[in-house]
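For reference, the structure is listed below as structure tokens.
Chains as they are written, first to last, in my numbering: chain R, 1132 to 1348; chain Y, 74 to 731.
Okay, here's the thing in structure tokens:
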């Protein structure tokens, strides 16, 4: 997932790779490095689950392409994207026992991975919406949001409970939303609420239709 | 081909000869370039070992093959197998072409064809399997051929514990004239490597004059730097395990021993008695451990040596040579490990196995003495290598995997290096060891402090005996400036980190949590991995007392109010081999409770600890002290307090306030 790279000093000293060392503690160091890697992975996982429910995370061991037969483009495979990051630490930092570099590693690597994942996710969403025409170009916030909520099909979870969509917005848009929340329009909110409830009922109905495709006794 | 004698056809003697030699030299190659002196080499070796001053091999039952083909060699091996099963010693010498193919080493008989070496060469495994079947008590294989170090690739495939266990006292030594990728050079005088070997066999090269017989290992250690023939880039390889308790490759031409003649009758050697002590299961375990030496653990090795020493006890006079033989074999096995202190650990494991029995017999004391000598030599060599490595590159003490794990392991490693510097310094000053001219301990200390000074921090109790040994040695050697710097750095760091240090031998998960704790520095913390009372703090305070650092320490001690520190004194330092000692006393003190200053620490030391230490060691006991000192550096949950010098109380008026 991540690659740590020592600074250029390492490349200047290839002979270190064959050097013998007193009190190597090789086995223990290997285990400690594993623990550090696990901690990084754990933190990255927590950040990932903040935006993607764990039930929607799938793990594929082989291959670089995937298609979802239930998608709207089942014949159009998607390439998996590799996210990687690296962080330089200098030998001097180790010599000087700058223990904070460990904290930096534990924060920066998961943060960077998360940033890349989010960027990749937005790219995918953008490509999909552009290709399907599901784009709202209305510049007025209220009208644009109304148009969007009308165009979205709600889904249900595995227990059939409808769930509202997540909203990921640009900071400028977030500011507009905050501004609106400070001075809400009751009639507008009521209309949004009505559409949302309507969408939920449609989602339940869709789910019921989907379920009836199974054979029951 | 000129076979001089063939055991396959000889009828001179019924039954097995005690020592059998098969010496082969190939000059007249049919399909590859001929050689000029391989035959002469084989003949010289044959003469030296059968009739010369190093001879122990029966010429009637030994064989010299000159430019044989493959069938000749196989026939000779077959003859030896048929006639000499269970021989005491079997030696196989080969001079000629050798080649490595697909990870396997082949000797080239004169009809060998390089493009069909698998069916025209003699694979090293053939020789090894024959040795396993022959079951000599000791086998020596010597190859003077290009790439012959490649023979090691086949060793572990053939010498499996379950095979070797059938011959419990089996020992094997393999010597190759060149590394795996190196040619073996010959000149008009013969193969360079064989010429050197012959110098040892005819007595021109002194290996030692104390043992009646020489092992191949004794000789190989003298070969590279004896100043006679320059091997250039050609590096001999050696691989050895000897369970027989005595190494008997040849007679020692330099041994005189009060005019006694030495017998070639191996019935007089003690190893025959010792052999029966090693049962097949134990032999298998020894081999398993030996083959796994790159990954050995000190605890496992000690457990193995402990059982071996138990069996050696029934033949006390043989213990020094038996213990040395085993330890030397294992030390040679780890000589190329990436950890330069592996050999020291092997020797320490043997000391630990012997120490419980020290009061039983002077032979055990002598055996311990030999191991202590080897520890001193090994530690000196390892520190010299480190000193050179640091000169070559500043970061030589960082682990190869580098990275964040060194935030704990580098401070520990620095402490360990300083501890062993202290050990060597004390061995010279207090125990009469000759100083190592090639290693300047004070200079190495200065280098460590200059480059790694910021890694002299308090991370764990495992640092305690190392810093204690270093500080005491510094006091004896007059290295006050260096010692004061170390005490100062340790004290400041201990104080800055609120006296929090890891317990002994922490698991990596605890080390991780501890490093995170050092970043966060919460004011309150009761993590189970933190150690209290701290012996590391005791060492820092004792150091402050030894070097009169009262002024530097006293006025900030309040920041460590209520911190515990302790001293453990066993009933006897000969118990230092134990994992957990059951006797003895822990003297625990607490800052702010009868102890408010460095002088109070001195008082505590004199009133409560010094008497216990003196009662434990009423008279100087060199072997016990050096053993306990070495073991405390390998098993760092114990302090060798007996080395601490007198720390006189300072009159209160002499403690000035700046």
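Yeah, the Cβ is synthetic: ideal placement off N, Cα and C, and Gly gets one too.
Classify residue i: buried if its beta carbon has 16 or more other beta carbons within 10 angstroms, exposed otherwise.
i, result
"residue 200(Y)", "buried"
"residue 1330(R)", "buried"
"residue 324(Y)", "buried"
"residue 211(Y)", "buried"
"residue 518(Y)", "buried"
"residue 461(Y)", "exposed"
"residue 1208(R)", "exposed"
"residue 722(Y)", "exposed"
"residue 162(Y)", "buried"
"residue 1184(R)", "exposed"
"residue 293(Y)", "buried"
"residue 1232(R)", "buried"
"residue 552(Y)", "buried"
Would you identify the three-state DSSP class for residue i, choosing helix, strand or coil?
i, result
"residue 1220(R)", "strand"
"residue 166(Y)", "strand"
"residue 1289(R)", "coil"
"residue 719(Y)", "coil"
"residue 413(Y)", "coil"
"residue 1189(R)", "coil"
"residue 249(Y)", "strand"
"residue 140(Y)", "coil"
"residue 193(Y)", "helix"
"residue 260(Y)", "strand"
"residue 325(Y)", "coil"
"residue 98(Y)", "strand"
"residue 426(Y)", "helix"
"residue 395(Y)", "helix"
Mind pulling the chain Y residues with CB within less than 9 Å of residue i?
i, result
"residue 1150(R)", "411, 462, 465, 466, 469 and 473"
Identify, in the order they occur along the chain, each residue of the same chain with its Cβ nearer than 8 Å to the Cβ of residue i, setting aside the five sequence neighbours on each side.
i, result
"residue 704(Y)", "421, 424, 425, 428, 649, 650 and 711"
"residue 142(Y)", "74, 182, 183 and 184"
"residue 219(Y)", "170, 171, 172, 251, 255, 256 and 257"
"residue 1203(R)", "1263"
"residue 1273(R)", "1311, 1316 and 1319"
"residue 457(Y)", "509, 511 and 512"
"residue 1170(R)", "1237"
"residue 267(Y)", "114, 117, 118, 168, 217 and 250"
"residue 1322(R)", "1277"
For residue i, which residues in chain Y fall below 7 Å Cβ to Cβ?
i, result
"residue 1227(R)", "527"
"residue 1114(R)", "In this structure chain R extends from 1132 to 1348, so residue 1114(R) is not present and cannot be described."
"residue 1276(R)", "Going along chain Y, no residue has its Cβ under 7 Å from residue 1276(R), so there is no contact; the nearest lies around 43 Å."
"residue 1222(R)", "468 and 471"
Could you pull out every residue in the same chain whose Cβ sits closer than 7 Å to the Cβ of residue i, ignoring the five residues on either side in sequence?
i, result
"residue 1281(R)", "1326"
"residue 537(Y)", "608, 609, 612, 709 and 712"
"residue 453(Y)", "497, 509 and 512"
"residue 707(Y)", "371, 418 and 421"
Please go through the same chain and pick out, in chain order, the residues whose beta-carbon is closer than 6 Å to the beta-carbon of residue i, but skip the five residues on each side of it.
i, result
"residue 818(Y)", "Residue 818(Y) falls outside the range modelled here, since chain Y spans only 74 to 731, and no answer is possible."
"residue 606(Y)", "637, 638, 639 and 661"
"residue 326(Y)", "126, 127 and 276"
"residue 197(Y)", "178, 224 and 227"
"residue 1200(R)", "none"
"residue 1132(R)", "Residue placement at residue 1132(R) cannot be trusted, given a pLDDT of 31 that sits under 50; the coordinates are not used to answer."
"residue 716(Y)", "545"
"residue 194(Y)", "179, 181 and 185"
"residue 213(Y)", "164, 246, 289 and 322"
Taking Cβ-Cβ distances shorter than 8 Å, what residues in chain R pair up with residue i?
i, result
"residue 710(Y)", "Chain R residues near residue 710(Y): none, gap ~16 Å exceeds 8 Å."
"residue 386(Y)", "What residue 386(Y) touches in chain R: nothing, since even the nearest Cβ is about 33 Å away."
"residue 490(Y)", "1153 and 1154"
"residue 530(Y)", "1228"
"residue 479(Y)", "1160 and 1225"
By the criterion of Cβ-Cβ separation under 7 Å, what are the contact partners of residue i in chain R?
i, result
"residue 588(Y)", "1230 and 1233"
"residue 458(Y)", "1151"
"residue 584(Y)", "1163"
Listing by chain order, which chain Y residues have their CB less than 8 Å from the CB of residue i?
i, result
"residue 1217(R)", "Per Cβ cutoff of 8 Å: no residues; residue 1217(R) is ~12 Å from chain Y at best."
Would you say the beta carbon of residue i is closer than 8 Å to some non-hydrogen atom of the ligand FMN?
i, result
"residue 1336(R)", "The model depicted lacks the ligand FMN and carries no ligand whatsoever."
Kindly list, in the order they appear in chain R, the residues whose Cβ is closer than 9 Å to that of residue i.
i, result
"residue 486(Y)", "1152, 1153, 1154, 1155 and 1156"
Quick one: which unbroken alpha helix (DSSP H) runs of 4-plus residues sit fully inside the stretch 619 to 667 of chain Y? Chain order, please.
623 to 627
Could I get the ranges of all uninterrupted beta strand (DSSP E) runs contained in the stretch 584 to 618 of chain Y, with 3 residues as the minimum, in chain order?
none
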